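K.L.:
Chains as they are written, first to last, in UniProt numbering: chain A, 1 to 433; chain B, 1 to 433.
(1) Where does residue 79 (chain A) fall in DSSP's three states?
(2) Cβ of residue 57 (chain B) within 7 Å of Cβ of residue 9 (chain B)?
(3) Whose Cβ in chain B lies nearer than 7 Å to the Cβ of residue 206 (chain A)?
(4) Listed from N- to C-terminal order along the chain, which residues in the region 383-403 of chain A have their beta-carbon within a distance smaller than 7 Å of any beta-carbon of chain B?
(5) Assuming residue 420 (chain A) and residue 377 (chain B) make a contact with CB atoms under 8 Å, what is their CB distance in whole Å?
(6) If I measure Cβ to Cβ from residue 422 (chain B) and keep anything under 6 Å in the same chain, skipping five residues before and after, which residues do I get?
(7) So, with DSSP's three-state summary, where would you put residue 137 (chain B)?
(8) Determine the chain A residues that contact residue 4 (chain B) at a beta-carbon separation under 7 Å, and present them in chain order.
(9) Mark residue 17 (chain A) as exposed unless 16 or more other C-beta atoms lie within 10 angstroms of its C-beta, in which case mark it buried.
(10) Going by the CB atoms, is the gap between residue 251 (chain A) and residue 214 (chain A) shorter than 7 Å?
(11) Measuring CB to CB, does residue 52 (chain A) end up less than 7 Å from residue 405 (chain A)?
(12) Can you list, in chain order, the residues of its chain whose CB lies under 6 Å from that of residue 32 (chain A), leaving out five sequence neighbours each side?
(13) Shortest alpha-carbon distance to residue 321 (chain A) belongs to which of B:433, B:333 and B:278?
(14) Flag residue 414 (chain A) as yes when its Cβ comes closer than 6 Å to any non-hydrogen atom of the ligand NAP, and as no otherwise.
(15) By alpha-carbon positions, which one of B:114, B:143 and B:5 ends up nearest to residue 65 (chain B)?
(16) How do the region 233-252 of chain A and the region 283-297 of chain B stand: do at least 3 beta-carbon pairs fall below 8 Å, yes or no?
(17) Less than 7 Å separating the beta-carbons of residue 160 (chain A) and residue 148 (chain A)?
(18) Cα separation between residue 283 (chain B) and residue 111 (chain B)?
(19) Whole angstroms is fine: what's the gap from residue 434 (chain A)'s alpha carbon to residue 68 (chain A)'s?
(20) Can you give me the start and stop residues for the alpha helix (DSSP H) that residue 380 (chain A) sits inside?
(21) Tell me where the alpha helix (DSSP H) around residue 421 (chain A) begins and ends.
(22) Does the region 322-340 of chain B touch the region 72-87 of chain A, meaning 3 or more C-beta pairs lie closer than 8 Å?
(23) My output table needs one value for residue 169 (chain A): the three-state DSSP class, helix, strand or coil.
(24) Any beta carbon of chain D sitting closer than 7 Å to that of residue 329 (chain A)?
(25) In the structure shown, what three-state DSSP assignment does residue 22 (chain A) receive?
(26) Applying the criterion that 16 or more other CB atoms from any shown protein chain within 10 Å of the CB defines a buried residue, is residue 356 (chain A) buried or exposed?
(27) Tell me which residues of the region 280-300 of chain A have at least one Cβ-Cβ distance to chain B shorter than 8 Å, keeping chain order.
(28) Pop quiz: residue 6 (chain B) and residue 297 (chain B) are said to be a contact at Cβ under 8 Å. What is the actual Cβ separation, rounded to whole angstroms?
(29) Taking residue 320 (chain B) as the query, report the chain A residues whose CB atoms sit under 7 Å from its CB, ordered along the chain.
(30) Establish whether the CB of residue 334 (chain A) and some CB of chain B are separated by less than 7 Å.
(31) State the start and end residues of the unbroken alpha helix (DSSP H) segment that holds residue 316 (chain A).
(32) So if I threshold CB-CB distances at 7 Å, which residues from the region 97-123 of chain B count as touching chain A?
(33) Quick check: the region 330-350 of chain A against the region 265-277 of chain A, are at least 3 beta-carbon pairs closer than 8 Å?
(34) Do three or more CB pairs link the region 116-128 of chain B to the region 22-37 of chain B at distances below 8 Å?
(35) Looking at C-alpha atoms only, which residue of A:28, A:72, A:77 and A:24 is the closest neighbour of residue 334 (chain B)?
(36) Determine, for residue 415 (chain B), whether the minimum Cβ-Cβ distance to residues of chain A falls below 7 Å.
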């Protein structure tokens, strides 16, 4: 990769206090080296120049919770009670998964994410070496983790933990640092306390963050109280979970005390508004979490409960839903909503010093958006338009780690045609198998 | 217009009990004359044939509440308290409107609606002859009405009512019946009771339906009780409003008794979930309205409080929001959500016998959707995919009244380039004027 000069674009840096401006950006290799209103000087002779005059450029989106391989199950079961959805639909299909299903599902998910402007995704599933391989090939940035359900004999628990540790150690820092890893007990209700403590110890031993599902439904919170005499946040806290950097998916049902504890521990939350609505899990207290200083970000969850991976929809939903629920039209203004999907997302996965903003010295993870479309007229406020009128379908170019991975809407490193055919074929096999 | 044969498409008729099927459709002039699995017979020699093999076809979407001319104000004011938004932002800008602004805003809105699959829109504003002229030219179907605010001396009220009646009489049935009209006192809180009664009388005299804003905010309901000793539904009922076919926009804050009364009167409701969330007006009781048998449909409201006109977003929001709010994941299943935007929309505007379904004898108002995209794979359930993964951006072809008004994503009867430039220029003038 050489040098790239984005000329005369509209730049949305996501830096505090910096308004969108017409200007220029230079990328050298995988790093942004210049961003400003004036044309850059001293460029290399063979610099690649891209005319940005009809485009807006912003940091790539960061999707902080999902299960990419489940993309094969899009639309397979909707509008069902959670237990029917899970026990009669999802689990039987997932039980039939082979390596090739995981690869096919992950590839389909990554195609969809890149085409809608996501440059970094968090993924928790099994057969994670397959997901990591597709991540490496596709050019996307991933924070990957083997999610472990501990409802099994102790020796099987240990095997799974060992596998999770082996995966995390093997892939952490791979692909020029595009891949990082975590350790993930699936949830407090699927992992006994002693097993969660083993994850915490391993996270210390190998210097890894932790990720889990927490307080997604009222039922699981009540179960936690019945089983352990306390709610999930206190439970996890006492198991040492927050002694490590920790990312909590969902966090829908929280008390004021739990929110305060999460803030004081520096925990991160992945808010998944669409999945939470679709499964009727509830509506997270986003305004209160943000006010308390909890590091909140946005996730799609898998397409089985969404059913798409366009993070612009979560950004839009976060801006709309929490106004309506709180009765406050000033809640989650457009600029905050866009930060939830970019700068705050980066902080939530402890990468706020290198991605999530357009800034000299930061990784060149950014997207170009076609502004010359009727739904962006008049161009009164580009941030408002991206949040309230835009979708991932407006993204035309995507760069990750300095490499262009989407050009004019087409993935440059993946064979989209082959991937969608393979996904369709694997789904048919799952249905019949 | 001659004869059109859509060959080997996937058809979603929206008829009760009919699943999506692979088949054929024939259009003669403005009417669907055949829909079935078998290839049609006895076609004309010069029939136009369209290969539908990678497309889904469904009825065009019906947007039952909006203010098209306000599209010039997209993103001009967001994330504000309602009073500031209205009094300091919207009203001063609208006061500067000239005929050319109304024409420009309406044209921009219609371009956006056609490109996202809306074939029929309801519009309430002033200078409606301008909106009607663009409607006629664009090929879209419109239900148009001059909205009248009655906070003025009686003689000015009468002038406005006369203008509203004149507009309604002049344009009703125009453009081969594509344009129909209504009468619209703006809202119970902006029109004194005696003035509303005049609208009711005129609606009887000229055989027109009525449209109004109702119970959008708690404040206006409380004001109604303070001013008239009753809530808006009873108030309107006693003024005779429901003695005419009546379409009520918003209807957010309703008691059980009000819902029962609306059902017994056969009133129609336009549910505007995105606008209601964005302005923090509240969340309408969609599940209860549907259970009670009220004719519910979907509207975007104007882009000033949305900020887009993609009715697929309302369909998606209706399916998601009311699951989350009710705690019932089976609420508003995908098939019902899609009906809200099509068949139920047609019933809400009293055109259920001619639009809103694909059916022999119905008007040829329909859309073609590109299914060959990653976010529609695997193609397990096309209705689920359209509701939960699709957007208006997936629409490639649109026909209204048998005429193709969008081909490969481009409007056939409107100059999109000219319309967006004009919208931008008119907005600049409003800003400076």
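We treat Cβ as the ideally placed atom computed from N, Cα and C, and that holds for glycine.
Computed from a predicted model, the values in this text were never measured in an experiment.
P.N.:
Concretely, from the data shown:
(1) coil
(2) Closer than 7 Å, so yes.
(3) Per Cβ cutoff of 7 Å: no residues; residue 206 (chain A) is ~35 Å from chain B at best.
(4) Of all residues in the region 383-403 of chain A, 384, 385, 388, 389, 391 and 393 have a Cβ within less than 7 Å of some Cβ in chain B.
(5) With 8 Å as the limit, residue 420 (chain A) and residue 377 (chain B) qualify as a contact, their Cβ atoms being about 5 Å apart.
(6) 104
(7) helix
(8) Simply none; closest approach about 26 Å.
(9) exposed
(10) yes
(11) no
(12) 360, 362 and 364
(13) Comparing alpha carbon positions, the residue from B:433, B:333 and B:278 closest to residue 321 (chain A) is B:278.
(14) You won't find the ligand NAP in this model; it holds no ligand whatsoever.
(15) B:143
(16) Between the region 233-252 of chain A and the region 283-297 of chain B, the count of C-beta pairs closer than 8 Å stays below three; the two stretches do not touch.
(17) yes
(18) Near 29 Å, if we compare the C-alpha coordinates of residue 111 (chain B) and residue 283 (chain B).
(19) Residue 434 (chain A) lies beyond the residue range present for chain A, which begins at 1 and ends at 433; the question has no answer from this structure.
(20) It is not in any alpha helix (DSSP H) - residue 380 (chain A) carries neither H nor E in the DSSP assignment.
(21) 416-432
(22) Contact holds: three or more Cβ-Cβ distances are below 8 Å.
(23) helix
(24) Structure shown: chain D not included; protein chains present are A and B.
(25) strand
(26) buried
(27) 280, 281, 282 and 283
(28) Contact flag wrong, Cβ pair sits at about 26 Å.
(29) Those are 274, 277 and 278, listed as they occur along chain A.
(30) Closer than 7 Å to some Cβ of chain B, the Cβ of residue 334 (chain A) qualifies, so yes.
(31) 311-326
(32) 108, 111, 112 and 115
(33) Yes, the region 265-277 of chain A is in contact with the region 330-350 of chain A.
(34) no
(35) Checked all of A:28, A:72, A:77 and A:24; the closest Cα to residue 334 (chain B) is A:77.
(36) no
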